[in-house]
Structure formats: C-alpha cells, structure tokens
Amino acid sequence: MTAVSAPERRRAPEQRPAPDAPWFPVVLLGVALAVVGAIGTDLTGGNPLDDMLSHAVHRPAGWWWLTGCVVGMEIAAAGTALGVRRHLTTGRLRTTAFGLLTLWSVGLAAVAAVPSDVPGDPTTAAGRVHQLAAAAVVVGPPALGLLISNACSPRARTVLRRAVVGQAGLGTFFVALHVPVVLLGAEPGSGFGLVERLMLAGMTATAVLAAACLASVSPPPLTTGRGPQ
C-alpha cells in the first residue's frame, strides 16, 4: 500500500532582519532637542501666534533657547548624513543628499550666527541674510525627503512624499504671507508665528520620516577585496 503523506504546510515568508542603523537615535535626539529649544523660546515671552521664533534672540535668555533648537537640528542633520553614508550607494543620489544636508547645516549655522532684525525695524542686510538662511533651513528636509523616497519601499515612499507635499503647502503659504512684507513694506499680519511653528513641526516630522525611510534601506554588502577562490 502506498503511504499517504501529510499535506505540506505552507512556509511563512522569511522576514528579513531590519538593517542596522545605529545613527537613527542620533537623529531622534537632535529632533527632541530642537523641539525643546523651540518650546523654550516661547517661555521667554512674546506672542506665539504672531512672533517669529528668531525674535526670541532679542529677549532675555531667548538666544540660548534658539541656539539649543539650532544645535538640535544640526545633530539631526549629522545623524542623517551618517545614514546617507551607510545606506545610499548610488553616486548621484548620494552626492545630492550630501549637498542638501550641507545646505541645511550651513543655513542652520547662519540662522544662529546672524540674528534677525528687531521687530518693527526696517530690514537690514543682516536681516536679509537671516531670512535667506531660514529659507534654506525650511527647504532642506523636504527636499531631502523627496530625494530619499526614491530609495524606499513603495509604502514608505508614499508616506514620505505626502509629508513633503504637506510641508511644501505650508511653505508656500508662509512665503505668500511674506510677499507684501518684503515687496511692499507692509506690516506683518496676524498668524505669522503660528504658521512658522507649524512649519517647524512639519520639518522635524519630515526629517524623522526621511531618516526612518533611510534606515529601512539595506546597506550595501561589505567587500573584502578578495576575488573568487
């Protein structure tokens, strides 16, 4: 008699271990410090609805909180740079990512080094430099996220690109609010500070999503330089 074999069980799909990303906690630490610094600027006074974060530099202890926020974002940028070095192999993609991180980092340094003008005073050359540096800070993470999304899984790519679109919408609205102020010399309207804080929240969220997406990319295999034996 022929033995009846038991039906074969379907093997569960093998799960790949998550790529090693020791740099990712550095990004989270930097973002946490940036958020604490941003909240601290409001503790020094001012109106969060109308006042810019950078205006805290003109209030007692405001410079320290603002510097803490900037240092936190610099740490996040440095952690992301380590991730790019570890996980991205494509020459053009990797080079562009490092370029955007450099733009972000230099913009952060300029924002801290060149303070904004005193609210109500005419815009000076230093104030204009501060504005341009702030624009680089805002543009950096979404542009980097859009770039990194090309190396992600389809699901992660969709989430990251939606975050970038949302951040771009906030940025466009913020620029639209600034057009009458910069070109016509009009007084800033109500809500400038709130929109800026929403942009900061979106920027930090996009930076974390971009880093998480980058951490999911398998790093290239290590080569020993030995040929086949």
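For this note's numbering, add 9 to where a residue sits in the sequence shown, where the first one is 1.
Here a beta-carbon is modelled for each residue, glycine too, at the ideal position from N, C-alpha and C.
Given the structure is predicted, the values throughout are model-derived calculations rather than measurements.
So, with DSSP's three-state summary, where would you put residue i?
| i | result |
| --- | --- |
| Leu207 | helix |
| Gly178 | helix |
| Leu117 | helix |
| Asp51 | helix |
| Ala216 | helix |
| Ser158 | helix |
| Leu58 | coil |
| Arg166 | helix |
| Val226 | coil |
| Ala21 | Because Ala21 carries a pLDDT of 39, less than 50, the predicted location of this residue cannot be relied on, and the following value inherits that uncertainty. Coil. |
| Arg68 | coil |
| Gly34 | It is Pro, not Gly, that sits at residue 34 in the sequence shown. Note: Pro34 maps to helix in three-state DSSP. |
| Pro124 | coil |
| Thr105 | helix |
| Ser63 | helix |
| Gly149 | helix |
| Thr99 | coil |
| Gly136 | helix |
| Gly200 | coil |
| Asp29 | coil |
At what residues does the alpha helix (DSSP H) containing residue i begin and finish?
| i | result |
| --- | --- |
| Cys78 | 71 to 96 |
| Gly129 | Careful: Gly129 lies outside any alpha helix (DSSP H) and carries neither H nor E. |
Contact criterion: CB-CB distance below 7 Å. Does residue i meet it with respect to chain D?
| i | result |
| --- | --- |
| Gly149 | No chain D is present in this structure, which holds just one protein chain. |
Determine the closest residue to residue i out of the options, with distance taken between C-alpha atoms.
| i | options | result |
| --- | --- | --- |
| Pro150 | Ser114, Gly129, Asp51 | Ser114 |
| Asp29 | Pro128, Leu91, Thr104 | Leu91 |
| Asp51 | Ala41, Val146, Ala70 | Ala70 |
| Ala224 | Arg166, Trp72, Arg171 | Arg166 |
| Gly180 | Ser227, Pro189, Val148, Leu218 | Val148 |
| Ala160 | Val226, Val146, Gly136 | Val226 |
| Pro128 | Gly55, Gly100, Ala86, Gly116 | Gly55 |
| Gly81 | Gly175, Ala47, Gln176 | Ala47 |
| Asp126 | Val66, Leu38, Ala41, Thr213 | Val66 |
| Gly88 | Arg170, Gln176, Val40 | Val40 |
| Thr76 | Leu117, Leu207, Leu153, Val93 | Leu117 |
| Val241 | Val123, Met208, Ser158, Thr98 | A question about residue 241 goes unanswered here, because the residues of the chain that appear run from 10 up to 238. |
| Asp130 | Ala43, Ala216, His64 | His64 |
Kindly give me the distance between the Cβ atoms of residue i and residue j, rounded to whole angstroms, as I take these residues to be in contact under 8 Å.
| i | j | result |
| --- | --- | --- |
| Val79 | Val120 | 6 Å |
| Ala220 | Phe33 | 6 Å |
| Ile84 | Val138 | Actually they are not in contact, since the Cβ atoms of Ile84 and Val138 sit about 23 Å apart, beyond 8 Å. |
| Phe182 | Val204 | 6 Å |
| Ala172 | Ala214 | 6 Å |
| Leu155 | Arg170 | 7 Å |
| Ala261 | Val123 | The displayed coordinates of the chain run from 10 to 238. Any statement about residue 261 would go beyond what the structure contains. |
| Leu97 | Arg103 | 4 Å |
Would the segment 98 to 115 count as touching the segment 57 to 77 if we require 3 or more Cβ pairs under 8 Å? With a cut-off of 8 Å, the segment 57 to 77 and the segment 98 to 115 do not count as touching, because too few Cβ pairs lie within range.
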